[in-house]
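J.: Chains U and Y supply the protein sequences, listed in that same order.
Residues 1 to 382 (the numbering used here) make up the first sequence, in order.
Residues 383 to 764 (the numbering used here) make up the second sequence, in order.
Idealized CB from N, CA, C, for every residue including glycine.
Number of protein chains: 2
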Amino acid sequence: MNISKFVAPEIIFGIGGLEQAGESCRRLGARKALIVSDAGVLEAGWVEHIITFCRNSGLEYELFYSITSNPKDYEVTAGALHYRQTDCDAVIGVGGGSAIDAAKAIAILATNEGVIHDYEGIDNIHTPLPPMVMIATTAGSGSEVSQFSVIVDSTRQVKMTIISKSLVPDIAIIDPRTLATKDTELTAETGMDVLTHGIEAFVSVAATPLTDVQAKNAISLVSKHLRASTASRTNEEAKTAMAMASLQAGLAFSNAILGAVHAMSHAVGGRLDMPHGKLNAILLPYVMEYNYLAAPEKFMHIAELMGQNVSGMTVAEAGKRAIHHVRMLATDIDIPARLSDIGLDDARIPELSRAAREDACLITNPRDMSVRDLETLFYRAL
Amino acid sequence: MNISKFVAPEIIFGIGGLEQAGESCRRLGARKALIVSDAGVLEAGWVEHIITFCRNSGLEYELFYSITSNPKDYEVTAGALHYRQTDCDAVIGVGGGSAIDAAKAIAILATNEGVIHDYEGIDNIHTPLPPMVMIATTAGSGSEVSQFSVIVDSTRQVKMTIISKSLVPDIAIIDPRTLATKDTELTAETGMDVLTHGIEAFVSVAATPLTDVQAKNAISLVSKHLRASTASRTNEEAKTAMAMASLQAGLAFSNAILGAVHAMSHAVGGRLDMPHGKLNAILLPYVMEYNYLAAPEKFMHIAELMGQNVSGMTVAEAGKRAIHHVRMLATDIDIPARLSDIGLDDARIPELSRAAREDACLITNPRDMSVRDLETLFYRAL
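#1: Residues of chain Y with CB under 7 Å from M306/U, in chain order?
#2: Specify whether the stretch 662-669 of chain Y and the stretch 573-590 of chain Y touch according to this definition: at least 3 beta carbon pairs, one from each stretch, less than 8 Å apart.
#3: Tell me whether S448/Y sits in a helix, a strand or coil according to DSSP, three-state version.
#4: Which word fits T230/U, buried or exposed, when buried means at least 16 other C-beta atoms lie within 10 angstroms of its C-beta?
#5: From V315/U to N56/U, what distance separates their C-alpha atoms?
#6: So is K5/U in contact with chain Y if we call contact Cβ pairs under 8 Å?
#7: Rounding to the nearest angstrom, what Cα-Cα distance links T449/Y and Q85/U in this structure?
#8: Quick one: which chain U residues come within Cβ less than 8 Å of G396/Y?
#9: Which of the three DSSP states, helix, strand or coil, is assigned to D535/Y?
#10: Can you check whether the C-beta of Q157/U is within less than 8 Å of a C-beta belonging to chain Y?
#11: So, is the C-beta of L561/Y closer than 8 Å to a C-beta in chain U?
#12: Under 8 Å: do the stretch 387-395 of chain Y and the stretch 545-559 of chain Y share three or more Cβ pairs, one atom per stretch?
#13: Run through chain U and tell me which residues come within less than 9 Å of G522/Y, C-beta to C-beta.
#14: Closest by CA to L258/U, which one among P209/U, S370/U and V203/U?
#15: Grab me the residues of S546/Y's own chain with a C-beta within less than 8 Å of its C-beta, minus the 5 sequence neighbours each way, in chain order.
#16: Measuring only the C-alpha atoms, how far is A322/U from A330/U?
#17: Kindly indicate which residue of M328/U, S265/U and H301/U has the alpha-carbon position closest to the one of E317/U.
#18: Can you check the stretch 558-636 of chain Y for any alpha helix (DSSP H) of at least 4 residues that lies completely inside it and give the ranges in chain order?
#19: For I116/U and Y443/Y, what's the separation of their Cα atoms in angstroms?
#20: For L347/Y, name the three-state secondary structure that DSSP assigns.
#21: Just to confirm before moving on: does the CB-CB distance between D535/Y and D455/Y stay below 8 Å?
#22: Residues in the same chain with beta-carbon distance under 7 Å from K621/Y, minus the five sequence neighbours each way, listed in chain order, please.
#23: Using only the alpha-carbon positions, how far apart do N673/Y and S647/Y sit?
#24: Do A30/U and L59/U have their C-beta atoms within less than 8 Å of each other?
#25: Taking only beta-carbon atoms, is I601/Y less than 8 Å away from chain U?
#26: I want to check one thing, is the minimum distance from the CB of P510/Y to the heavy atoms of the ligand GDP below 7 Å?
#27: Taking only the alpha-carbon atoms, compute the straight-line gap between I517/Y and L726/Y and give it to the nearest angstrom.
#28: Does the pairing of the stretch 470-480 of chain Y with the stretch 509-524 of chain Y give three or more beta-carbon distances under 8 Å?
#29: Measure the alpha-carbon distance for A623/Y versus R354/U and round it to whole angstroms.
#30: Where does A462/Y fall in DSSP's three states?
#31: Taking A390/Y as the query, report the chain U residues whose CB atoms sit under 7 Å from its CB, ordered along the chain.
#32: Give, in chain order, every residue of the stretch 588-613 of chain Y whose Cβ lies closer than 9 Å to some Cβ of chain U.
#33: Would you list the residues sitting across from A554/Y in a DSSP beta bridge?
#34: Starting from G121/U, follow its DSSP beta bridges and name the residues at the other end.
#35: Would the beta-carbon of S602/Y fall within 8 Å of that of L687/Y?
#36: Quick one: measure Cβ to Cβ for A462/Y and V423/Y, integer angstroms, because I've assumed they're closer than 8 Å.
Dropping the structure here:
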């Protein structure tokens, strides 16, 4: 049996989509929503807008924004307590991957017993979650459409990956207008995260024709629009294209899962609290060099999707061209070239490699990886 | 505001997918399902298989198979009565578009008052439907993933189009193995129906980047595999490709809606009880000739998707090439060229044109159409 499965939330995409936040939640039968966000998004003013739209729809709300980047288990516990104490019956997440992953984890504990650690791994959620509306304000994580939530276990200092169909929100809202408040660095990093999602989903051993169409379009959109989106906060065409790329890459990886880039960046991010997008951006070309062997034709296809004319090239030449172009894109938008540039110490590599080996994302990487292989790759990227 | 919306069921696709029928329904909380099908599917043996899988999952069931092609309002009434009298709490549809559209309509009346006519049009369903698992056994209708149900009003002799997010099933199961029991004619007709869905969704005024990726892939798959699928019942590669094409075209048209081909074929099908796929197949190239003016670049793109090298051609030449290739494909698989070949009488044309003008599918056609335009087109296709 070779069965493909595909799940997606209801999607509302476009300039002005934000205005449907309250109404969407009401439509799901909610009376009072916990709005989960972080300080940065709050400062950008988007939460305030959403509160207005909730009020207009007759939806009561509570606000919880004690979420940091790489959200922690204790933040989730606090959020769930707030949810229960204030008698909420739905969750609205607003922000990038951190806020939305935290919002999903809070939703788990809203209707399920225990601590968030109990739900680590694949398919460990058995009680239905409350209605969830997720509003993405970075073109990056794809969490608003995915069945993933990644939360830091603060004791073990590892990122726990929680995967369950229950984590697919009911409704995802993507309003490209929100991207105008991201700074240059965040735009570049989260954009490279989208490319990583597209490429890892495309070469994943769990890829299907349904995920391929989304992944391929995402790769193509990023290679066309990420430079322009990084160059200008107000380029609406580029922002809309990157928002669509993020959405499509999210649909792809939610169903095809990811690979070694994410396994490695989760290991680093859990210990060193570094930005997820930046880590992925640095690691991506190194992992592509390693993975190339497993699927040369797919790498050739990536080169084509990035606008390269590969006619007359061998598969090998075209595949290398893909990696070269990912590196050029990263350089153009000022992504550091090596992990040492962002302060990673080589003494941590054995420990990081062991942690990456345990990450659920490694299961779908197209080329086998031992702890030793991971070490070699970390050293190469250092 | 320019907002795109996208909804899809959970999808289970692949050889052996059928085996998850009972378990899928149980997972949605169902205790006893009404299995809705038709005599042809029953004869092919698929319903028997599904009953076994239901039993194995501890799911009780009732069988209702008094459904004909172009399902009628009174069949829906009878099915809903059966559902209530036997105390069911879920619906499983098994078959092509007729059985699945009927199953959805029965689900409407299972939890909503009145008659099915009350729900005609867009967004007229307000009470949630029971859990729905839809199992497609023809690569054709796409109804297993769509927000459409088309039911014949037997008094007025028109097809009523019901469109609502509530009609998107919870779970769609597509098992390409089931296509092996379709005869040559049904394979050809339903395959051309898939092409029609792909092309109408792609040129629809409601098309979005999310529907475009699905529509384009569907057009490409049909042009590559429909001939081989029509030629052999046992060509598993071709059957799997056509099943995927049907699924992707279904996702595309469910969200981008359709166009004049469907408006016209609904008008004819409601009055003359002719096969929906065959009508679409005949009408498609004529409508393409008419619509070409509205989106020449899209028609050029269709030619490319059908494997034509359009380099060096003008947009106009390439667009005509697309229409030519649709006609060649239809001819190759023995689709009649004209409506008169299947017995349409020109005296009916004024009445059919007025009915087509009222069909919800005409709203998204890329070129404006008056009753007069529809008449002209019907005469051209006669």
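T.: The relevant details are as follows:
#1: Here the premise fails: no neighbours, minimum Cβ distance about 17 Å.
#2: By the criterion of at least three beta-carbon pairs nearer than 8 Å, the stretch 662-669 of chain Y is in contact with the stretch 573-590 of chain Y.
#3: In the three-state scheme derived from DSSP, where H, G and I count as helix and E and B as strand, S448/Y is classed as coil.
#4: Buried, since its Cβ has 16 or more Cβ neighbours within 10 Å.
#5: V315/U and N56/U: Cα-Cα distance of roughly 57 Å.
#6: At least one C-beta of chain Y is nearer than 8 Å to the C-beta of K5/U.
#7: Looking at the sequence provided, one finds Ile at residue 449/Y rather than Thr. Answer to the nearest angstrom: the Cα atoms are 52 Å apart.
#8: Result: M1, N2, I3 and S4.
#9: D535/Y falls in the strand class under three-state DSSP.
#10: By this cut-off, Q157/U is not an interface position.
#11: Cβ-Cβ to chain U under 8 Å: no for L561/Y.
#12: Yes, since at least three Cβ pairs between the stretch 387-395 of chain Y and the stretch 545-559 of chain Y fall closer than 8 Å, the two stretches touch.
#13: None at all; the shortest Cβ gap to chain U is about 18 Å.
#14: Nearest to L258/U by alpha-carbon distance, out of P209/U, S370/U and V203/U, is V203/U.
#15: Contacts found: Y501, I504, D505, N506, I507 and Q529.
#16: Near 13 Å, if we compare the C-alpha coordinates of A330/U and A322/U.
#17: Shortest Cα-Cα distance from E317/U to any of M328/U, S265/U and H301/U involves H301/U.
#18: You should have 566-585 and 591-613.
#19: Taking the CA atoms as reference points, I116/U sits about 38 Å from Y443/Y.
#20: No answer is possible for residue 347/Y: the residues shown for chain Y start at 383 and end at 764.
#21: Contact check for D535/Y against D455/Y passes: the beta carbons are separated by less than 8 Å.
#22: Same-chain partners within the cutoff: P558, L561, A562 and S611.
#23: When rounded, the distance between both Cα atoms is 16 Å.
#24: Cβ distance < 8 Å, so A30/U and L59/U count as in contact.
#25: So, not an interface residue.
#26: Among the components of this structure there are no ligands whatsoever, and the ligand GDP is therefore not found.
#27: If I take the Cα positions, the gap works out to 33 Å.
#28: Taking one beta carbon from each stretch, the stretch 470-480 of chain Y and the stretch 509-524 of chain Y have 3 or more pairs nearer than 8 Å; the two touch.
#29: When rounded, the separation of the alpha-carbon atoms in A623/Y and R354/U is 41 Å.
#30: Here DSSP, grouped into helix, strand and coil, assigns A462/Y to helix.
#31: The answer, in chain order, is A8.
#32: So the close ones are T590, P591, L592, D594, V595, Q596, K598, N599 and L603.
#33: For A554/Y, which the question treats as bridged, DSSP gives the partners I393/Y and M516/Y.
#34: Looking at the DSSP assignment, G121/U forms a beta bridge with I162/U.
#35: Yes, Cβ-Cβ distance for S602/Y and L687/Y is below 8 Å.
#36: Between A462/Y and V423/Y the beta-carbon gap is near 20 Å, outside 8 Å, which marks them as no contact.
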